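One structure below.
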Amino acid sequence: MHSFLIRLIINAAALAITAWLLPGITIAEGSLASVLLIALIFGLVNALVKPVIVILSCPLLILTLGLFYLVVNGLMLLLTDALAGGRFEVDGIWWAILGGLVMGIVGGMLESLLGADEEDQPPKALPPGS
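When you number the sequence shown by the working numbering, it's gap-free, plus one each residue, and the end is 435.
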C-alpha cells in the first residue's frame with residue numbers, strides 16, 4: 306500500500322509539472338484532489354490498458370526500434386483525458402506524445418529522488434564471509 310501511495314503522488318506531481326510546462330495539456334481544477342484523481346485514472350489506465358496495447362503493437366515497436374512506445378504513452382494520456390470527465394485536457398496526439406515524454410522524464414527523476422525505483426529491485430546478497 307505504501308508503494309501505491311508513493312507512485313500515486315509521483316504520478317500526480319509528474320502530471321502537474323507536465324501541465325505546467327506544456328500549454329497543450331491543462332488541468333481544469335488546480336485542486337490537489339483533482340490532480341490526485343487524474344493521477345489515479347492515469348495509473349489505472351497504465352496498469353490495465355497499456356500492457357494490452359504494448360502486446361498488440363509489438364510488431365510496430367520492433368519495426369521502429371521502440372520509438373512507437375512514445376505513441377503508446379501519448380495514447381494513454383489521451384485515454385486519461387477521455388476518462389477524466391473534463392478535469393484533464395490534451396489538445397491532440399502531438400501534445401500527448403510530448404506530454405508522455407515529459408511525464409516519463411519527470412516521473413523517472415522523482416522516482417530516483419524518492420527511492421521508489423529501489424523497491425522494484427531484488428534485495429542484494431550479502432558479501433561472502435559476512
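The beta carbon of each residue, even a glycine, is placed where N, CA and C say it ideally should be.
Fair warning: this is a prediction, and the values are worked out from it, not measured in the lab.
Quiz item: Opposite I332 in the DSSP bridges: which residues?
Solution: Residue pairing from DSSP places I332 in a beta bridge opposite F393.
Practice problem: Could you have a look at T369 and say whether DSSP puts it in helix, strand or coil? | Solution: Correct three-state label for T369: coil.
Self-check item: Closest by C-alpha distance to A338, when choosing among D396, R392 and L419
Solution: Comparing Cα positions, the closest option is R392.
Quiz prompt | L380 (DSSP reduced to helix, strand or coil) | solution = L380 falls in the helix class under three-state DSSP.
Quiz item: What are the boundary residues of the alpha helix (DSSP H) that includes S362?
Solution: Where S362 is concerned, there is no enclosing alpha helix (DSSP H), given that its DSSP letter is neither H nor E.
Quiz item: Taking buried to mean at least 16 other C-beta atoms within 10 Å of its own C-beta, is T323 buried or exposed?
Solution: Buried, since its Cβ has 16 or more Cβ neighbours within 10 Å.
Self-check item: Backbone secondary structure at G405 - three-state DSSP
Solution: Secondary structure at G405: helix, using DSSP grouped into helix, strand and coil.
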